[in-house]
Amino acid sequence: MTTNTSFFPGDPRPEVQTFVHDFEAKYHREPDAFNAFAYDAVVIAAYALRTGGADRRGVRDALPKLHDIPSVVFGKATFDPTTRRVIGVKSINLVARDGHWILRDKSAAVATK
Numbered sequence: 000m001t002t003n004t005s006f007f008p009g010d011p012r013p014e015v016q017t018f019v020h021d022f023e024a025k026y027h028r029e030p031d032a033f034n035a036f037a038y039d040a041v042v043i044a045a046y047a048l049r050t051g052g053a054d055r056r057g058v059r060d061a062l063p064k065l066h067d068i069p070s071v072v073f074g075k076a077t078f079d080p081t082t083r084r085v086i087g088v089k090s091i092n093l094v095a096r097d098g099h100w101i102l103r104d105k106s107a108a109v110a111t112k
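Just so you know, the sequence shown maps onto residues 0 to 112 in numbering that gives the first Met the number 0.
1) Would you kindly check if the distance between the Cβ of D21 and the Cβ of S70 is under 8 Å?
2) So, helix, strand or coil for A95, using DSSP?
3) Beta-carbon separation of G51 and A61 under 8 Å?
4) Exposed or buried, which one is D10 when buried takes at least 16 other CB atoms within 10 Å?
5) With 16 other CB atoms within 10 Å as the buried threshold, where does F33 fall?
6) If you count every other CB in all the chains shown that lies within 10 Å of the CB of A35, and 16 or more means buried, which is it?
7) Which same chain residues, not among the five before or five after G57, have their C-beta less than 6 Å away from its C-beta?
As structure tokens, then:
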């Protein structure tokens with residue numbers, strides 16, 4: 000059985016392993032994709048607030064200008080000013096083995112358009 004996701008706690012990237020370690024130390028459980036997306040949302044919002052100021056317009060205007068923001072899910076997040084989405088979102092391919100999800104391929108992240 001195979002599936003794909005945007006976040007996998009077994010992803011060997013250093014930013015993922017640091018996040019997983021810190022999350023487990025605080026909450027005593029493994030993080031899931033919702034936790035990783037929430038963490039990234041706060042990090043990205045903080046960058047937008049620092050860049051654009053603490054009001055709605057400032058944040059809105061800052062988001063399309065953000066470039067290579069550190070991200071657990073995306074590696075580095077850069078927004079497309081037209082679509083207002085993160086550019087180069089990757090999908091991690093997983094396969095079930097012995098009752099556990101593992102990376103299907105060590106080069107697991109595949110860019111989607």
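All C-beta atoms, glycine included, are put in the ideal place defined by N, C-alpha and C.
On the basis of the data shown:
1) no
2) strand
3) yes
4) buried
5) exposed
6) buried
7) G51
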